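S.K.: Please see the structure below; I have some questions.
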Amino acid sequence: MDAARGLLMFLPLVPFDGGAVTLAADLADRARHGGTAPAALILNVLDADTIDHLVSLRFAPEDPGAVTDAHRTLDLLHGTFTAHGFAPYRTDVDHPTPRTPLHQRLKDALDPGHVFAANR
Amino acid sequence: MSTDISRATLVLPLPSELPQTTTTVVAHLEKILRRMPRDHAVALDTGADAGAARADLLAWCGPHLDRGAAAEPTTAPNSDVHDRYFAVRRATGDSAALLAGALLASDLLVQDDLVRHGSTLDADPESMLLGVTSYLTDGKQPPVLDVPWAPADPVAAAHHRWQVGHQRFFVMLQLLAVAVRQVRRATDVAGENEAVRLFAWLCRSSAHAMRYAADFPAELYDEIRVTMVPPTVNVGFSGLQTRDHNELVAQFRTLKRSGTVDRLAPESATALHAAVREMYDAHIWVCDRFGGGSGLSLLMEHTSAGKQESGVASAVKLARQRLTHLRQEPGTPPTARPDAGRFRQRIIADVLRPDTPERVAELIRSANGRRFHPVSTGYNWGLGSRQPVEDGVTVLDLAGLNRIRAVDTRRGYAVIEPGVIQGALARRLDGTDRMLNLTGASQHTSVIGNILDRGVGLHRPRVDDLAGLELVLADGSQVRTGWWPDAGQPAAVWPHGRGPALNQLFTQSDLAVVTAATIRLLPRPEAIRILPFTFRAEALGEAVDLLRTWTAQGLVPPNTKIFNPVAARAHGIADQHLVHVCLTGTRDLVSTLSHLVTRAAYGTPLSPAPASTWCTTPTPGCRTPPTPSSSTRPATRPGRWTPRGDC
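As they're listed, the protein sequences go chains A and B. Residues -18 to 101, numbered by the working numbering, are exactly what the first sequence covers, in order. Residues 6 to 652, numbered by the working numbering, are exactly what the second sequence covers, in order.
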């Protein structure tokens, strides 16, 4: 999988609402950059209020242009979805979750020597 | 096994049901050897009593060896043709017992054949052909046999050898498929070395088995070849129809994809590769012996002229293809290889592979300025796989912590380590009234890894499965959070306990290393059914609102999946969205809900989708296609793994 396929994932949470889901589909389409193919979206209902989106970007891993376009698309997905309140609930290595002040205090208390690398 | 050894049928298990380790096979070997009325070693000897001992044991095998239950015909009918031609019967049941019985029966048949007909080959001083049983059980090695080929009826003897030799080879392929699993499951370097040593030995024995099958004068092969054509068998009859070989190749692929090949010590990887090459070299030798240097194989005779190649050339190509699965990428630690997302390659300081929680604690205590990035199996595809965020860190590869420490199906929990993959745990729960909240990803993904990244299962978010964590903190101390079973105490599983609930502090977290977890197991429903619907893109908002109402009102559980037209293509749907509503419960409940949901969809944008739109490629949602005429499908074979899992 890692060697043969090109795959990027973006996983935002969206309100379980027709208007919000339609907007999310539109945002996913508009974020496409360069030659990036339309994303595959799988929506997982979590409860009556929340629906998780699994946005998959496939690309040719041996084509540097396709890799660049796919990563640019991923950046745009992060930017536009977050701007509309649809923040990701899982993140990739290039978009780590920033520490909140409380998290920082916990980190300082439990791992003052930073034995564990940041994030993930 | 039939007692007529001129056409003795060998009973073999289905390759898909083979055991995970050779331990159970060896246990059955020892058990059968104890039960045998004559000494198996004597029967393989060359003494005066050997012939009578073999005859007695061959007669004993038929009524006394486990024959299992006859397996159903396969969906690949050519495999059945292949089995029939070589007098192999497939059975279900205790696969380890079946395989052990097949090996012992094959021992007797091969020795009987060699004594009666002789050999055209050099002697086998190391007993690589017939020494398998003694190798596995630490028994007495058979004596070296040196009887020249001199049968009374050479043609009949060649036919017999072709059959008994192939049967022997199939037994060896099954043992290899078990042994290669053992390599993958090894939890430490010593275990890996031992597993590779066994696998390599069996490979060499398999090479001898292949040569033995062709151990008759080459000019007799024409007499054999004419029997391997229609109507006796299919057009283009080929060894590629052997399901045991297909299983072994699948295991090779898994070995590579799981990262095991690259994880092996270089000398072990070299030994593994060399052993398999020896086996494929034997195949090339057989092809060459029977005119394959210039002649075509039966399969190639029916290949278009432009693609035809000699038997030997085909065998060489086959060997090259198979060996690619076992080639170690030299000098590249796992993290330095590309990830599926093609993120920037982080610089890795080191990769450490502890295999116990105590070893993890030792490494953390002696960090000495290192920063650690723990990974379970590293299959975080699309998000960076096993890469860290930062450069210069030491990867703590926890794949070696792969024990399922406990399973309690009554109270509904399992205690597992980070290297436990969801396929393994699902198989462990096979046949119980509990099941794992699987995800739609590969069976090789880590259960704990996905929980800690807050993945979503097919029935609920994976964090809802988390009951307790075992941790190593930054000072090397080992602590637990949440709920853990107390020996002898029937406490109910409840993750929140008393006081501050800390489990979630360590999900998506950089505050500790998780070395084990208690996870909750779902009750297995009596029936599972997926109702597929489609709708057009312009109806997305209306369809989602409708599904939301169904979910809020409890008509459907909160686990519906919606696939946009790109994702729906994998299910054979063109230009439409696809919905999978998953219903579970008693058969009556699922049946009633199915009618209610179908009725509720009437007059809405949701149209029932044909059964053929069920999973055609691995995605979350279903396990086997429903038949439109059936009502509900009882969950009679629970937990059997498929890439997409239950429901």
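We treat Cβ as the ideally placed atom computed from N, Cα and C, and that holds for glycine. Please read these numbers as outputs of a predicted model, since none were measured by experiment.
Between residue 621/B and the rest of its own chain, which residues show a CB-CB distance below 8 Å, the 5 nearest in sequence each way excluded?
M.R.: By 1-based counting over the second sequence, the position of residue 621/B is 616. Any reading at residue 621/B needs caution, since the residue's pLDDT is 32, under 50, leaving its predicted position unreliable; the model's value is listed next. These residues qualify, in order along the chain: 575, 576, 577.
S.K.: In three-state DSSP terms, what is residue 370/B?
M.R.: Start at 1 with the first residue of the second sequence, and residue 370/B comes out as number 365. Helix at residue 370/B.
S.K.: Would the region 86 to 98 of chain B and the region 137 to 148 of chain B be scored as touching if the rule is three or more Cβ pairs under 8 Å?
M.R.: no
S.K.: What's the call for residue 566/B, buried or exposed, on a 16-neighbour Cβ count within 10 Å?
M.R.: Within the second sequence, residue 566/B is the residue found at index 561, counting from 1. With 16 or more Cβ atoms within 10 Å of its Cβ, residue 566/B is classed as buried.
S.K.: Between the Cα of residue 40/A and the Cα atoms of 348/B, 77/B, 181/B, 283/B, which residue gives the shortest distance?
M.R.: Counting from one through the first sequence, the residue named residue 40/A turns up at place 59. Checking every option, the nearest Cα to that of residue 40/A belongs to 348/B.
S.K.: Going by the CB atoms, is the gap between residue 17/A and residue 51/A shorter than 8 Å?
M.R.: If you number the first sequence from 1, residue 51/A lands on position 70. If you number the first sequence from 1, residue 17/A lands on position 36. Yes, Cβ-Cβ distance for residue 51/A and residue 17/A is below 8 Å.
S.K.: Can the beta-carbon of residue -3/A be found less than 8 Å from the beta-carbon of residue 439/B?
M.R.: Here residue -3/A corresponds to residue number 16 of the first sequence, with the count starting at 1. Here residue 439/B corresponds to residue number 434 of the second sequence, with the count starting at 1. Against a cut-off of 8 Å, the Cβ pair of residue 439/B and residue -3/A comes out as no contact.
S.K.: Report yes or no: is there a C-beta of chain A within less than 8 Å of the C-beta of residue 487/B?
M.R.: For this step, residue 487/B is matched to residue 482 along the second sequence. It does not: the Cβ of residue 487/B has no partner Cβ on chain A nearer than 8 Å.
S.K.: Note down the Cα distance separating residue 235/B from residue 139/B, rounded to an integer number of angstroms.
M.R.: The sequence position of residue 235/B within the second sequence is 230, counting from 1. The sequence position of residue 139/B within the second sequence is 134, counting from 1. Their backbone Cα atoms lie some 40 Å apart in a straight line.
S.K.: So what does residue 292/B bridge to, in DSSP terms?
M.R.: On the second sequence, residue 292/B is found 287 positions in, with the first residue counted as 1. Note: residue 292/B sits in no beta bridge, so no partner.
S.K.: Measure the Cβ-Cβ separation of residue 425/B and residue 390/B and say whether it is below 8 Å.
M.R.: Counting from one through the second sequence, the residue named residue 425/B turns up at place 420. Counting from one through the second sequence, the residue named residue 390/B turns up at place 385. Their beta carbons are not under 8 Å apart, which means residue 425/B does not touch residue 390/B by this criterion.
S.K.: Which value, in whole angstroms, describes the spacing of the CA atoms of residue 280/B and residue 286/B?
M.R.: In the second sequence, the residue the question calls residue 280/B occupies position 275. In the second sequence, the residue the question calls residue 286/B occupies position 281. So the alpha carbons of these two residues sit roughly 10 Å apart.
S.K.: Between the region 389 to 413 of chain B and chain A, which residues of the former have a C-beta closer than 8 Å to a C-beta of the latter?
M.R.: 389, 390, 392, 393, 394, 395, 398
S.K.: Return the chain-ordered list of same chain residues with a C-beta closer than 6 Å to the C-beta of residue 137/B, the five sequence neighbours on each side being excluded.
M.R.: Working through the second sequence from its first residue, we reach residue 137/B at position 132. These residues qualify, in order along the chain: 210.
S.K.: Closer than 8 Å by beta-carbon distance: list the chain B residues that pair up with residue 0/A, in chain order.
M.R.: Working through the first sequence from its first residue, we reach residue 0/A at position 19. Here the neighbours are 546.
S.K.: Give the residues from the region 257 to 289 of chain B that approach chain A closer than 8 Å (Cβ to any Cβ), ordered along the chain.
M.R.: 262
S.K.: Under 8 Å by Cβ, that's how I've got residue 176/B and residue 107/B pegged, so tell me the actual separation to the nearest angstrom.
M.R.: Position 171 of the second sequence, counted from the first residue, corresponds to residue 176/B. Position 102 of the second sequence, counted from the first residue, corresponds to residue 107/B. Residue 176/B to residue 107/B, Cβ: 5 Å. Contact.
S.K.: Using 8 Å for Cβ pairs, my map puts residue 93/B next to residue 181/B. What's the rounded Cβ distance?
M.R.: Locating residue 93/B in the second sequence gives position 88, counting from the first residue. Locating residue 181/B in the second sequence gives position 176, counting from the first residue. 16 Å between Cβ atoms; not a contact.
S.K.: Would you report the Cα separation of residue 385/B and residue 423/B, rounded to the nearest angstrom?
M.R.: Translated into positions along the second sequence, residue 385/B becomes position 380. Translated into positions along the second sequence, residue 423/B becomes position 418. Roughly 14 Å between the two C-alpha positions.
S.K.: Is the region 513 to 533 of chain B in contact with the region 546 to 564 of chain B, if contact means three or more CB pairs nearer than 8 Å?
M.R.: no
S.K.: I need the DSSP call for residue 18/B, collapsed to helix, strand or coil.
M.R.: The residue you call residue 18/B lines up with position 13 of the second sequence. Three-state result, residue 18/B: strand.
S.K.: Is it true that the region 320 to 335 of chain B meets the region 259 to 270 of chain B, where meeting means three or more beta-carbon pairs spaced less than 8 Å apart?
M.R.: yes
S.K.: Just mark residue 47/A as buried or exposed, buried being the case when its beta carbon has 16 or more other beta carbons within 10 Å.
M.R.: Counting from one through the first sequence, the residue named residue 47/A turns up at place 66. Under this definition residue 47/A is a buried residue.
S.K.: State buried or exposed for residue 415/B, treating a residue as buried only when at least 16 other CB atoms are found within 10 Å of its CB.
M.R.: Translated into the one-based positions of the second sequence, residue 415/B becomes position 410. Residue 415/B comes out exposed.
S.K.: My parser needs the alpha helix (DSSP H) runs of 4 or more residues fully inside the region 18 to 73 of chain B; what are they?
M.R.: 27 to 40, 45 to 48, 55 to 69
S.K.: Name the two residues that bound the continuous alpha helix (DSSP H) containing residue 509/B.
M.R.: The residue given as residue 509/B occupies position 504 in the second sequence. Residue 509/B -> no alpha helix (DSSP H), and no H or E assigned at all.
S.K.: So, does the region 153 to 173 of chain B touch the region 108 to 117 of chain B, judging by three or more C-beta pairs under 8 Å?
M.R.: yes
S.K.: Residue 78/A and residue 513/B: beta carbons closer than 8 Å?
M.R.: One-based indexing of the first sequence puts residue 78/A at position 97. One-based indexing of the second sequence puts residue 513/B at position 508. The answer is yes: Cβ separation under 8 Å.
S.K.: Check whether the Cβ of residue 377/B lies closer than 8 Å to any Cβ atom in chain A.
M.R.: Here residue 377/B corresponds to residue number 372 of the second sequence, with the count starting at 1. Closer than 8 Å to some Cβ of chain A, the Cβ of residue 377/B qualifies, so yes.
S.K.: Going by Cα to Cα distance, which pick from 442/B, 611/B, 212/B, 417/B is closest to residue 564/B?
M.R.: Residue mapping note: residue 564/B aligns to position 559 of the second sequence, counting from 1. Among 442/B, 611/B, 212/B, 417/B, the Cα nearest to that of residue 564/B is on 442/B.
S.K.: Give me, in chain order, the residues of the same chain whose beta-carbon lies closer than 8 Å to that of residue 603/B; leave out the 5 immediate sequence neighbours on both sides.
M.R.: Reading the second sequence from its first residue, position 598 is the one you call residue 603/B. Hits under 8 Å: 536, 613.
S.K.: Hey, quick one: how far does the beta strand (DSSP E) through residue 535/B stretch, first residue to last?
M.R.: Against the second sequence, residue 535/B aligns to sequence position 530. Element bounds for residue 535/B: 532 to 540.
S.K.: State the Cα-Cα distance for the pair residue 466/B and residue 178/B, rounded to the nearest angstrom.
M.R.: The residue given as residue 466/B occupies position 461 in the second sequence. The residue given as residue 178/B occupies position 173 in the second sequence. So the two alpha carbons sit approximately 41 Å from each other.
S.K.: Would you mind giving the Cβ-Cβ distance between residue 516/B and residue 92/A, rounded to the nearest angstrom? I have them listed as a contact below 8 Å.
M.R.: The residue labelled residue 516/B in the question sits at position 511 within the second sequence. The residue labelled residue 92/A in the question sits at position 111 within the first sequence. 6 Å between Cβ atoms; contact.
S.K.: Is residue 556/B close to chain A? Criterion is C-beta to C-beta, closer than 8 Å.
M.R.: Residue mapping note: residue 556/B aligns to position 551 of the second sequence, counting from 1. Chain A, which has a Cβ nearer than 8 Å to the Cβ of residue 556/B, makes this yes.
S.K.: Report yes if the C-beta distance between residue 22/B and residue 79/B is below 8 Å; otherwise report no.
M.R.: Start at 1 with the first residue of the second sequence, and residue 22/B comes out as number 17. Start at 1 with the first residue of the second sequence, and residue 79/B comes out as number 74. Not a contact, by the Cβ cut-off of 8 Å.
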